[in-house]
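Below is one structure, written out as structure tokens; the observations come after it.
There are 2 protein chains.
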Amino acid sequence: MNEETRNLKMVLGYEGTRYAGFQRQATGILTIQGELEEALSRLTNETITIHAAGRTDAGVHARGQVVNFHTQSQMPCSKLQQALNSLLPTDILIQKVAEVPLVFHARYSVQHKTYSYRLVHGGLRPLFKRNFVYYYRHELKVELMQQAAELLVGTQDFATFQAAGSMVKTTIRTINFCKLVAEEAELLLTINANGFLYHMVRNIVGTLILVGSQRLSITDFKAALAKKDRSSAGPTAPAAGLCLEAVYYKKME
Amino acid sequence: MNEETRNLKMVLGYEGTRYAGFQRQATGILTIQGELEEALSRLTNETITIHAAGRTDAGVHARGQVVNFHTQSQMPCSKLQQALNSLLPTDILIQKVAEVPLVFHARYSVQHKTYSYRLVHGGLRPLFKRNFVYYYRHELKVELMQQAAELLVGTQDFATFQAAGSMVKTTIRTINFCKLVAEEAELLLTINANGFLYHMVRNIVGTLILVGSQRLSITDFKAALAKKDRSSAGPTAPAAGLCLEAVYYKKME
Numbered sequence: 011m012n013e014e015t016r017n018l019k020m021v022l023g024y025e026g027t028r029y030a031g032f033q034r035q036a037t038g039i040l041t042i043q044g045e046l047e048e049a050l051s052r053l054t055n056e057t058i059t060i061h062a063a064g065r066t067d068a069g070v071h072a073r074g075q076v077v078n079f080h081t082q083s084q085m086p087c088s089k090l091q092q093a094l095n096s097l098l099p100t101d102i103l104i105q106k107v108a109e110v111p112l113v114f115h116a117r118y119s120v121q122h123k124t125y126s127y128r129l130v131h132g133g134l135r136p137l138f139k140r141n142f143v144y145y146y147r148h149e150l151k152v153e154l155m156q157q158a159a160e161l162l163v164g165t166q167d168f169a170t171f172q173a174a175g176s177m178v179k180t181t182i183r184t185i186n187f188c189k190l191v192a193e194e195a196e197l198l199l200t201i202n203a204n205g206f207l208y209h210m211v212r213n214i215v216g217t218l219i220l221v222g223s224q225r226l227s228i229t230d231f232k233a234a235l236a237k238k239d240r241s242s243a244g245p246t247a248p249a250a251g252l253c254l255e256a257v258y259y260k261k262m263e
Numbered sequence: 011m012n013e014e015t016r017n018l019k020m021v022l023g024y025e026g027t028r029y030a031g032f033q034r035q036a037t038g039i040l041t042i043q044g045e046l047e048e049a050l051s052r053l054t055n056e057t058i059t060i061h062a063a064g065r066t067d068a069g070v071h072a073r074g075q076v077v078n079f080h081t082q083s084q085m086p087c088s089k090l091q092q093a094l095n096s097l098l099p100t101d102i103l104i105q106k107v108a109e110v111p112l113v114f115h116a117r118y119s120v121q122h123k124t125y126s127y128r129l130v131h132g133g134l135r136p137l138f139k140r141n142f143v144y145y146y147r148h149e150l151k152v153e154l155m156q157q158a159a160e161l162l163v164g165t166q167d168f169a170t171f172q173a174a175g176s177m178v179k180t181t182i183r184t185i186n187f188c189k190l191v192a193e194e195a196e197l198l199l200t201i202n203a204n205g206f207l208y209h210m211v212r213n214i215v216g217t218l219i220l221v222g223s224q225r226l227s228i229t230d231f232k233a234a235l236a237k238k239d240r241s242s243a244g245p246t247a248p249a250a251g252l253c254l255e256a257v258y259y260k261k262m263e
């Protein structure tokens, strides 16, 4: 790296519906990373590799994904943002570009992240929000789900909610808040944590649905969490309801 | 028609993005009417023809479109609704089905209708709402547009806002209300009238944008309306911002 290298941080949103996920895959497979790197490489005449705070799965959305990349380009941040937003497909939007210290890494520097999950229960299937919510045909007992959600707050071993076969050093994470809010037939779960295991939010939602449909009591929900075993939790809720809302970093001097 | 014929009224919503418009066209062209008639014909084993309150154009949406059709089928309304919603694509949703008197006609019985038009002005292009708003890159003077919108209320000749080449008996219509509301960068125009000329709302919006960008004064807007001539109005605003919100009928005994 020569001394002109800049480290740029971008905040972006996207609708994940059309994409095979964030992470770049083989040529011909549509990914957010692929689209971003292609546009950036065109604009800078360099081969750009980006790092993302969270590599969201196929169909998962973002309102506040964060990425960073190194470049020799001296293009002003606002101009880069404008040029990128012209080049990118309309379902990806760069909300902010800023130069940051070279040590900043969108994934390793994360302090905590917020995910949301949207669910419509009972009534007719959703129309305009159909790609952004999971439609659950039956009515759910929201109060029970809210009680269960509260139990997840704190520093705990969340192995129960980790996708089977995951390999991580530790399954202990700190959930800072986990709130379920109901607005008519729409439920919005917001979870902030210092880290998320693979499929953690979707497995939590799948298990909360068991609670809301009274197939799992609050006592059994507690027991399932304590068991640290994926098979004691509910199914993985669909991707469409999930959205990476925001990523938080330590203020860098 | 034998004495078992029923007249069914349906209220429905749809996202118009994928469709060539409401009205059925040649085989192979995707239309709302085509999808509805195909699903209804399959369910009833009859050849069903539907009539709609408003035949929305390509890309135009509906939250409260109304249609009616005659059928010999004795299937209960709630069952028909459920079956239709299973058969139809996810961007069309039947919200209500009810049996009505045989004389009811979704178009000829209309008393008044409400359309909305959504506009984002200035700032970044919209992401999640991109198919439901028109993005106008520059900031608009909202107060001027609101003043102009007010001038449209009443029984007037709206020939200025009718698409060139339209053939109708009269271009006089009554606008009951025409309100422009701003919520941050998003503008929402809501118009209720006893009838709409072809492209009337989109031509009104195109002209209001001229006012908001100070290329047309309020005085000139008044003069344009008085001129009854399409060429004195602004361009036709894009379809995506338009939505048929509701249709109102006289209560039938």
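Chains A and B, in that order, give the protein sequences. To convert, note that position 136 of the first sequence is 146 in our numbering; the numbers rise steadily by one, no gaps. To convert, note that position 131 of the second sequence is 141 in our numbering; the numbers rise steadily by one, no gaps. Positions of the beta carbon are idealized from the N, C-alpha and C atoms, including for glycine.
**Asked** Is there at least one Cβ from chain B nearer than 8 Å to Q105/A's Cβ?
**Response** yes
**Request:** Would you list, in chain order, the members of the region 11-40 of chain B that have their beta-carbon closer than 8 Å to a beta-carbon of chain A?
**Result:** G23, Y24, E25
**Request:** Output, in chain order, the set of chain B residues within a Cβ distance shorter than 8 Å of N95/A.
**Result:** L134, R135
**Asked** Of all the CB atoms in chain A, is at least one closer than 8 Å to the CB of R140/B?
**Response** yes
**Item:** Of the residues S227/B, D239/B, R212/B, F187/B, the one placed nearest I124/B, counting alpha carbons only
**Value:** Looking at the sequence shown, residue 124/B is not Ile but Thr. It is F187/B whose Cα lies nearest to the Cα of T124/B.
**Message:** Check whether the region 201-216 of chain B and the region 114-130 of chain B are in contact - that is, three or more C-beta pairs closer than 8 Å.
**Reply:** yes
**S126/A burial status per 10 Å Cβ neighbour count (16 or more: buried)** = buried
**Request:** State yes or no: is the beta carbon of T180/A nearer than 8 Å to at least one beta carbon in chain B?
**Result:** no
**Prompt:** In three-state DSSP terms, what is G38/A?
**Reply:** coil
**Prompt:** For Q91/B, is the classification buried or exposed, using 16 other Cβ atoms within 10 angstroms of its Cβ as the cut-off for buried?
**Reply:** buried
**Asked** Does DSSP classify G23/B as helix, strand or coil?
**Response** strand
**Asked** Can you find a CB in chain B that lies within less than 8 Å of the CB of T200/A?
**Response** no
**Item:** Three-pair Cβ contact test at 8 Å for the region 254-263 of chain A versus the region 224-234 of chain A
**Value:** no
**Asked** Can you give the Cα-Cα distance for E109/A and A63/A, rounded to whole angstroms?
**Response** 16 Å
**Request:** Could you say if the region 236-252 of chain A and the region 164-172 of chain A meet the contact criterion of at least three C-beta pairs nearer than 8 Å?
**Result:** yes
**Asked** Given that a residue counts as buried once 16 or more other Cβ atoms are within 10 Å of its Cβ, and exposed if not, what is K19/A?
**Response** buried
**Request:** Kindly indicate which three-state DSSP category R225/A falls into: helix, strand or coil?
**Result:** coil
**Asked** Leaving out the 5 sequence neighbours to the left and right, which residues in its chain are closer than 6 Å to E149/B when beta-carbon positions are compared?
**Response** H131, G132
**Asked** Just the Cα atoms here: how many angstroms apart are R73/A and A116/B?
**Response** 41 Å
**Message:** Does R212/B come out as helix, strand or coil in the three-state DSSP assignment?
**Reply:** helix
**Prompt:** For L129/B, which residues does DSSP report across the bridge?
**Reply:** Y144/B, L197/B
**Message:** Does any residue of chain A have a CB that is nearer than 8 Å to the CB of T246/B?
**Reply:** no
**Prompt:** If we cut at 8 Å on Cβ distances, does T100/A have a partner in chain B?
**Reply:** yes
**Request:** Kindly indicate which three-state DSSP category V152/B falls into: helix, strand or coil?
**Result:** helix
**Prompt:** Just checking my contact of V184/B with T165/B at CB under 8 Å: how many whole Å lie between their CB atoms?
**Reply:** Per the sequence shown, the amino acid found at residue 184/B is Thr instead of Val. About 4 Å; that satisfies the 8 Å criterion.
**Prompt:** How is F171/A classed by DSSP in three states: helix, strand or coil?
**Reply:** helix
**Delimiting residues of the alpha helix (DSSP H) encompassing K89/A** = 87-97
**Prompt:** How should N78/B be labelled, buried or exposed, when 16 other C-beta atoms within 10 angstroms of its C-beta is the threshold for buried?
**Reply:** buried
**Asked** For A234/A, which residues of its own chain have a beta-carbon under 8 Å away from its beta-carbon, when the five flanking residues on both sides are left out?
**Response** T170, T217, L226, S242, A243
**Message:** Considering just the uninterrupted stretch of the beta strand (DSSP E) at V110/B, what are its terminal residues?
**Reply:** 102-110
**Prompt:** Would the beta-carbon of P42/B fall within 8 Å of that of I102/B?
**Reply:** Checking the displayed sequence, the identity of residue 42/B turns out to be Ile instead of Pro. Yes, these two residues count as a Cβ contact at 8 Å.
**Paired residues, beta bridge with G69/B - DSSP** = For G69/B, which the question treats as bridged, DSSP gives no partner whatsoever.
**Message:** Which residues does DSSP list as the beta-bridge partners of A6/A?
**Reply:** Beyond the ends of chain A as shown, which are 11 and 263, falls residue 6/A; an answer cannot be given.
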